[in-house]
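Right, one structure below, let's go through it.
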Amino acid sequence: EAGVTQFPSHSVIEKGQTVTLRCDPISGHDNLYWYRRVMGKEIKFLLHFVKESKQDESGMPNNRFLAERTGGTYSTLKVQPAELEDSGVYFCASSQVGGTANGNTIYFGEGSWLTVV
Amino acid sequence: SQELEQSPQSLIVQEGKNLTINCTSSKTLYGLYWYKQKYGEGLIFLMMLQKGGEEKSHEKITAKLDEKKQQSSLHITASQPSHAGIYLCGADRRGGTSYGKLTFGQGTILTVHP
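Top line first, the protein sequences correspond to chains A and F.
Residues 2 to 118 (this note's numbering) make up the first sequence, in order.
Residues 63 to 176 (this note's numbering) make up the second sequence, in order.
This is the structure we're talking about:
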């Protein structure tokens with residue numbers, strides 16, 4: 002069974018440009034999460050989808066970040082325009098129906114490493 | 063201050079030695095996850111603990127959640143170079159309607175010398 006896959010694995014863009022990160026969750030997982038880790042800080046929650054609906058987007062830093070999950074399958078996270086402080090690792094994760102409430106674990110992808118120069 | 067404090071921040075041990083990593087919360091933990099990360103790779107799930115006093119083991123790694131559910135420890139027996147990496151604890155706060163909104167500690171960097 003394929004795990005959570007993310008693309009691209011690494012991206013270097015200039016300040017002001019746009020980057021779109023993609024996440025394919027484990028097949029059948031309704032819950033999809035985005036997290037990120039910026040330099041020197043701990044991993045922080047960005048948002049949570051249940052199928053195609055945004056359940057919680059309280060961690061999104063500002064309106065330069067847009068996440069979508071059309072059709073409830075894969076998700077994209079767009080940063081537009083990118084700023085230097087957006088550099089870091091963006092992790093996607095997924096879990097089954099009920100999420101952690103039912104003791105279902107959360108599986109993480111390998112991350113998309115973003116560098117804004 | 064951090065919501066989740068991990069200690070130590072880094073650890074260097076000789077192969078074969080036992081070691082313990084702690085994760086302390088100022089709030090009650092409803093679910094405590096342990097992950098391992100190697101540089102450039104994703105988070106590998108190790109264990110999840112939910113009940114006070116719960117203890118789980120996987121190969122040479124044992125994790126415990128204390129009775130008050132505010133502290134967890136991860137113990138590695140007879141460490142090997144393959145255990146090296148960053149160990150992260152993540153807490154499920156069960157806040158609001160979002161499950162899976164984990165709060166992470168800053169991580170513990172483990173180095174195992176052959």
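Note that CB positions come from ideal geometry on N, CA and C, so glycine has one too.
Within the region 104 to 117 of chain A, G104, N105, T106, I107, Y108, F109, G110, E111, G112, W114 place their CB atoms closer than 9 Å to a CB of chain F, listed in sequence order. Residues of the region 85 to 96 of chain A with a Cβ closer than 8 Å to any Cβ of chain F, in chain order: F92, A94, S96. Sequence-distant Cβ neighbours of A/F66 in its own chain, meaning closer than 8 Å and more than five residues away, are L47, L78, K79, V80. In the DSSP secondary-structure assignment, F/N84 is bridged to F/S69, F/S135.
Interface with chain A (8 Å Cβ-Cβ cutoff): F/Q132 is excluded. F/K118 has a beta carbon lying at 8 Å or more from every beta carbon in chain A. Per DSSP, the unbroken beta strand (DSSP E) holding A/A94 starts and ends at 89 to 96.
Within chain A, no residue has its CB atom less than 8 Å from the CB of F/Y149, the nearest being about 13 Å off. For A/N32, the enclosing beta strand (DSSP E) starts and ends at 32 to 39.
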